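In mature numbering (1 follows the signal peptide of the UniProt record, and there is no 0), the protein residues as written are -18 to -1, 1 to 639.
Here you go:
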């Protein structure tokens, strides 16, 4: 009976135990919040077609140590100093150079200078060539393809080792950039695009194509490949001078002493590099294994702006790898221009993932863009006649400080705080882009604070000056303008018939730099109500009659314009002007017509309170008078006891009306 009771009790209590376990399990199991990024990646179509490129190999590709060491060696090596290296007898070197000469269009002949360079490389730089030969497995196939198209000797591929040690990010002390070390002007000459986002001198394919064209053009001039190499280093002008100074000799070795010092070691360094590649096995140089081959990568066209960080997060590709495969993008951002296509190079395994999930990738980029703080809207431009509560925005500035770390540069710091390098230099009174580790940099942060007002927003009056009278319109309307390719702030101001200072004021900017795609707010004067007294008529120019003693300089100061504009507007070829002639001294002024009604004008009020104005840089008496309706230049002179036209920044002027 006891056993039966115990069994019955156990059977009845089992559901209670199971419910308690379910409750405990529900309590102890936390909910997992899935981020937008994870939700996007979870829907990706997986593709395991090829293996991912090793990130350690990518770091090796981007290593600048070899470039620094070899460039110093080439500059400092003395080819006339004998180098002792018993493992390479002179007789054996002569035989090998003779064999190389038979296979190459270059004249490879033995001389003591070349022997010294080869032995110097074997003695001091033998270990470096194992890494360089690994890099060449990635870059040499694309070099050979480009040179074959231009009928250039394939051996010139070794020149990239001398120029940059096969590093597309290499920059010389003179500013030469990329695998082929193009200077800025030479890059532009060969159609390599250089702007804020892109530097195609670092693009392996486009820079190699430009180098091949250069070599082909120089060979048409000199007809000798050694002289072509010399001209690539020092320019064709220096080679021509060396030929003349040597009495018309046209062999590199005969004119070498007449060339610049660096060029004297340039061709020997090229031939020595070619020798080490040809006989690396005989000297025990073992090329490291290349994990990435050029044919293991491919490109895809990007249809919206993407950053390397976004691509890295979505495709699980290290940023360092993206930088190495796409070295021409300076800011780690692939821009999107309406008139130009841009491409992203990825390992073939990631190309399939990108192509299969392209829409989701762009959706994620749009999502991140929407999270950014939107541009400030000036309440002066967004005026409304609504009687509802209106909101305006004011700027509030605060200072923060950043301690410079090792490896930092102004560009990276500016990008981090979303300011310009010019602003950082101005705030910290820096004269150059060099910054020391440990230095504290002042960063001015601007925040936008919304201020609510329950009063109905009234349209602000816009003063429009016409000759000697001023009238007022009743509305100011804001329009948006998207910056296009080729625009600058001056052309935009001229197009909308406003000043550069106005555009800067309306958009809260201090510089004259604008970027393609940026949206600017432009205020245009308009008349909303047809029953208003004042309406727009046309844009006119203000003319001035030249008086005795006037010159263009004094007239330009009087009306706040430049001498160049005066000459341009009046078709003047010189600074000579005749007394009594009528000159256009201001353009873009708006004349007013009325609808048979009295036009309200500003008049001087004798009883009004005196106002002080502090002169700013670029001000003139004419520009200050324009700011105060009914005030003339003569009034300003009278109130402030000014006899001439000269005023200085910081001067306090009395405004009595």
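For glycine and all other residues, C-beta sits at the position ideal for the given N, C-alpha and C. Only a predicted model underlies this, so the values are computations on that prediction, with no experimental measurement involved.
Under DSSP, residue 164 shares a beta bridge with 159.
With a beta-carbon spacing of about 5 Å, residue 140 and residue 255 fall inside the 8 Å limit used to define contacts.
In the DSSP annotation of this structure, the continuous segment of the alpha helix (DSSP H) that includes residue 115 starts and ends at 110 to 131. A direct Cα-Cα distance of roughly 26 Å separates residue 81 from residue 213.
Residue 238 is classed as buried because its beta carbon has at least 16 other beta carbons within 10 Å across all chains shown. Residue range 593 to 596 is occupied by the beta strand (DSSP E) that includes residue 595, with no alpha helix (DSSP H) assigned at that position.
Scanning 216, 122, 129 and 206 for the CA closest to the CA of residue 168 turns up 216. In the structure shown, residue 382 adopts extended strand secondary structure according to DSSP, grouped into three states. DSSP places residue 328 within a strand segment (E or B) once states are collapsed to three. Within the same chain, 496, 498 and 500 come within 6 Å of residue 465 by CB-CB distance, once the 5 residues on both sides are set aside. Spanning the alpha carbons of residue 599 and residue 537 requires a straight line of approximately 18 Å. The residues 301, 304 and 314, in chain order, have a CB closer than 6 Å to that of residue 290 in the same chain once the five nearest residues on each side in sequence are set aside.
DSSP places residue 305 within a helical segment (H, G or I) once states are collapsed to three. A check of alpha carbon separations from residue 152 across 351, 630, 344 and 312 identifies 312 as the nearest. Residue 218 and residue 240 have their C-alpha atoms roughly 13 Å apart. Assignment of residue 281 by DSSP, reduced to helix, strand and coil, places it in the strand class. For residue 164, same chain residues with a beta-carbon under 6 Å away, outside a window of 5 residues either side, are 183 in chain order. Shown here, residue 225 sits in a helix according to DSSP, grouped into three states.
Residues 119 and 120 of the same chain have their beta carbon placed closer than 7 Å to that of residue 275, with the five preceding and five following residues left out of the count. DSSP, reduced to helix, strand and coil, places residue 72 within a helical segment of the structure shown.
Under the three-state reduction of DSSP, residue 272 is assigned to coil, being neither helix nor strand. Residue 144 carries a helical assignment under DSSP once its states are collapsed to helix, strand and coil.
Taking a contact as a CB-CB distance under 8 Å, the pair residue 485 and residue 462 does not count as one, their CB atoms being some 12 Å apart. Residue 189 sits close to residue 161, with the two beta carbons spaced by under 7 Å. Secondary structure of residue 179 (DSSP, three-state): coil. Exposed is the label assigned to residue 84, since fewer than 16 other Cβ atoms lie within 10 Å of its Cβ. Remark: C-beta atoms of residue 403 and residue 396 approach each other more closely than 7 Å. Taking a contact to require three or more Cβ pairs closer than 8 Å, the region 278 to 292 and the region 94 to 109 do not qualify as touching. The alpha-carbon of residue 272 is positioned some 30 Å away from that of residue 155.
The region 341 to 351 makes no contact with the region 195 to 213; the number of CB pairs closer than 8 Å stays below 3. Using a Cβ distance threshold of 7 Å, residue 635 and residue 595 count as a contacting pair. Residue 261 carries a coil assignment under DSSP once its states are collapsed to helix, strand and coil. Scanning 617, 618 and 601 for the CA closest to the CA of residue 632 turns up 601. Non-local C-beta neighbours of residue 325 in its own chain, meaning closer than 6 Å and more than five positions away in sequence, comprise 281 and 283, ordered along the chain. In this structure, DSSP gives residue 267 a state outside helix and strand, which the three-state scheme calls coil. When the Cα atoms are used, residue 200 and residue 245 turn out to be separated by approximately 16 Å.
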